[in-house]
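**Q** Would you mind keeping the following structure in view while I ask a few things?
Residue numbers (the UniProt record's numbering): 1 to 325.
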């Protein structure tokens with residue numbers, strides 16, 4: 001099989017992972033062989049190590065799928081910091097080689113058309129947009145997921161889930177949990193309301209998710225929407241701190257080489273939450289996390305004891321979180 005490259009982009013991790021499974025299945029069907037899948041953490045590799053990792057000789061496996069998830073060098077210019085020249089050269093060299101049996105997949109949260117590497121991928125790769133589903137299509141997916149478990153779900157319950165703002169891994173976990181609770185009867189809206197996070201928390205999770213990705217624009221969009229809806233910044237701080245505590249715990253166990261299931265057992269977090277934190281753990285160094293927890297404490301004190309404007313304090317905090325040191 002000739003070398004192929006795929007570029008998958010979109011913020012919905014569930015859709016990215018399903019597309020990866022589809023690609024692996026196609027490779028296996030075409031070759032009739034088991035596919036070796038390797039995940040590279042490009043943020044932990046320098047240019048030379050990345051070059052070595054991409055080299056492939058089919059000595060022990062005739063088919064290899066290499067996946068590089070959300071490397072920083074596929075982002076926008078202000079986040080790349082002008083350090084992609086070596087990476088760009090590596091991929092230009094890679095394209096000149098005939099690595100029979102190897103398929104390379106790169107993923108990103110967005111399709112940054114000004115990024116020179118993305119321009120290369122647009123020319124040379126199969127580009128697949130894994131955009132988040134709208135509420136109607138998401139509701140249809142929820143119905144299919146319940147149906148695959150032999151269950152019917154009330155329209156109001158499916159709509160509540162679809163409009164919750166939660167990612168698809170969270171919703172899938174909720175579907176699994178609900179299926180166990182209802183024991184074969186139709187799923188009603190009360191079943192979902194009892195398990196779904198409160199509406200206020202769901203709104204703030206959009207902000208915290210953007211902050212975990214260090215996406216300043218998305219963070220301020222979510223923040224301003226919360227203000228319009230009448231939410232108070234002190235609540236934002238409480239949920240943000242809780243999310244970053246979860247991030248630190250997952251990052252710690254991940255660096256101790258614990259698997260996802262072991263991290264779930266150690267932390268008590270839901271599997272979807274652990275997956276989300278693993279996706280974002282590389283965005284923050286330990287020094288940055290330590291500084292942020294100090295800033296969280298200072299912000300909390302200022303909220304409670306100073307005359308400073310709450311909105312200005314929260315805006316300053318958002319900038320601090322999204323700014324790399």
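Cβ atoms here follow ideal geometry from the backbone N, Cα and C, with glycine treated the same way.
Helix, strand or coil: how does DSSP classify residue 258 here?
**A** Looking at residue 258 - three-state DSSP - the assignment turns out to be coil, as it is neither helix nor strand.
**Q** Using a threshold of 8 angstroms, state whether the C-beta atoms of residue 14 and residue 168 are closer than that.
**A** Yes.
**Q** Can you tell which of 123, 54, 74 and 66 has its C-alpha closest to the C-alpha of residue 97?
**A** Ranking the options by Cα distance to residue 97, first place goes to 54.
**Q** For residue 315 and residue 18, I'd like the C-alpha separation in whole angstroms.
**A** Near 36 angstroms, if we compare the C-alpha coordinates of residue 18 and residue 315.
**Q** By how many angstroms is the C-alpha of residue 207 removed from the C-alpha of residue 243?
**A** Between residue 243 and residue 207, the C-alpha separation is close to 11 angstroms.
**Q** In three-state DSSP terms, what is residue 136?
**A** It is helical.
**Q** Pick helix, strand or coil for residue 49, following the three-state DSSP scheme.
**A** Here residue 49 sits in helix by DSSP.
**Q** State buried or exposed for residue 170, treating a residue as buried only when at least 16 other CB atoms are found within 10 Å of its CB.
**A** By the neighbour-count rule (16 or more Cβ atoms within 10 Å), residue 170 is buried.
**Q** Of the choices 101, 241 and 140, whose alpha-carbon is the least far from that of residue 295?
**A** For the residues 101, 241 and 140, the minimum Cα distance to residue 295 belongs to 241.
**Q** List the DSSP bridge partners of residue 248.
**A** Partner(s): none; residue 248 has no beta bridge.
**Q** For the alpha helix (DSSP H) containing residue 221, list its first residue and its last residue.
**A** Taken as a continuous stretch (DSSP letters only), the alpha helix (DSSP H) holding residue 221 covers 216 to 228.
**Q** So, under 8 angstroms CB-CB, residue 322 and residue 226 are touching, yes? Tell me the CB distance rounded to an integer number of Å.
**A** That belief does not hold up - the Cβ atoms of residue 322 and residue 226 are roughly 16 angstroms apart, past 8 angstroms.
**Q** Rounded C-beta distance between residue 84 and residue 121? I'm assuming under 8 angstroms.
**A** In fact, because the Cβ distance is near 13 angstroms, the residues do not count as touching under 8 angstroms.
**Q** When the distance is taken between beta carbons, is residue 94 closer than 8 angstroms to residue 67?
**A** For residue 67 and residue 94, no; Cβs fall outside 8 angstroms.
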